[in-house]
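*Asks:* Below is one structure. I have some questions about it.
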Amino acid sequence: KAGVTQTPRYLIKTRGQQVTLSCSPISGHRSVSWYQQTPGQGLQFLFEYFSETQRNKGNFPGRFSGRQFSNSRSEMNVSTLELGDSALYLCASSFYRALGDTQYFGPGTRLTVL
Amino acid sequence: AQKVTQAQTEISVVEKEDVTLDCVYETRDTTYYLFWYKQPPSGELVFLIRRNSFDEQNEISGRYSWNFQKSTSSFNFTITASQVVDSAVYFCALFFGNEKLTFGTGTRLTIIP
Chain A
687 KAGVTQTPRY LIKTRGQQVT LSCSPISGHR SVSWYQQTPG QGLQFLFEYF
737 SETQRNKGNF PGRFSGRQFS NSRSEMNVST LELGDSALYL CASSFYRALG
787 DTQYFGPGTR LTVL
Chain B
150 AQKVTQAQTE ISVVEKEDVT LDCVYETRDT TYYLFWYKQP PSGELVFLIR
200 RNSFDEQNEI SGRYSWNFQK STSSFNFTIT ASQVVDSAVY FCALFFGNEK
250 LTFGTGTRLT IIP
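In order, the protein sequences belong to chains A and B.
Residues in the first sequence are numbered from 687 upward in steps of one, following the numbering used here.
Residues in the second sequence are numbered from 150 upward in steps of one, following the numbering used here.
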C-alpha cells in the first residue's frame, strides 16, 4: 500500500506570495492532519480534516488555511508569506478519527521564503 | 498542562552500545495514547510504536524496546546494540482528548561507527 505523498517536496517563494501544498493520504484513510516543523518551535499542529470538514485547528493565523476533497486528498494554503513561514510542512493521515488512531506521515514539503 | 518532555537534546554513542531515550509526559486525561516516531535526515516521520494508557505492558520489537510506567509518567525507548542506521531524531508524542498529537522537542541520536 502506498504511503502518504506530498507535493511538491521543495518550494522557494518570496515574501508576500502565497503557496499551496498538496497531500494524498494512504488509501482508505479519511483523516488528514497538517503540522509545521521549525528548528525554533518544533512540531506544531496546524489543522485536521475529516470527511471534508475541518475538525480541529492549532494556534496559527488565518493566513494558514486548508481543505479536504471528497477523495480525502488535502491541500493547505498559506497566503501573504512571511520569512517565519519557512519550515517543513508535514501531512499525516489516519484511518479514522478515533482517539489514538496512528498517524502516518508523508515526506514533507520544505518551504523556503526569501 | 498537557505536554511531553524529552530532556535529552542530543545523544552520541558508539556503535553496538545500548542507548535509552527518555520521555516524560503530563496529562490530566485518563485515556490517552503515546507514540514514538523516528525522523531520519530525509525528514519523514516514521511511526515506531503506539501505546494506550491502559496497557502498561512493555514491548520489544527486535532491537527496540519500550518501557511504559504510569507511576512516573514515562515512556522510555531503548535501542539495543545500536547501529549507524539508528542515527536520527526521535520524537515522543502524546495524543489526548482534543485529538491532536503533541510532540516533544525530540532527541537527536548519533551512532558513531
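Positions of the beta carbon are idealized from the N, C-alpha and C atoms, including for glycine.
Only a predicted model underlies this, so the values are computations on that prediction, with no experimental measurement involved.
1. Please confirm if the segment 699-707 of chain A is in contact with the segment 223-237 of chain B, defined as three or more CB-CB distances below 8 Å between the two stretches.
2. Considering only residues of the same chain and omitting the five flanking positions on each side of Pro189(B), which have a CB-CB separation below 6 Å?
3. Distance, Cα to Cα, Gln703(A) vs Ile198(B)?
4. Is there a Cβ of chain B sitting closer than 8 Å to that of Gln754(A), yes or no?
5. At least one CB of chain A closer than 8 Å to the CB of Arg257(B): is that the case?
6. Determine, for Gln722(A), whether the minimum Cβ-Cβ distance to residues of chain B falls below 8 Å.
7. With DSSP as the reference, please indicate the residues paired to Glu734(A) in a beta bridge.
8. Given a threshold of 16 other Cβ atoms within 10 Å of its Cβ, counted over all protein chains shown, does Leu800(A) qualify as buried or as exposed?
9. Find the residues of chain B that neighbour Tyr790(A), judging by a C-beta separation of less than 7 Å, and give them in chain order.
10. Would you verify that the beta carbon of Phe746(A) is, or is not, closer than 8 Å to some beta carbon of chain B?
11. Give the interface partners of Leu250(B) over in chain A, defined as CB-CB distance under 9 Å, in chain order.
*Replies:* So, to answer that:
1. no
2. Ala237
3. 39 Å
4. no
5. no
6. no
7. Ser719(A), Asn742(A)
8. exposed
9. Phe196
10. Chain B, which has no Cβ nearer than 8 Å to the Cβ of Phe746(A), makes this no.
11. Neighbours of Leu250(B) on chain A, chain order: Ser719, Tyr721, Leu729, Phe731, Ala778, Gln789.
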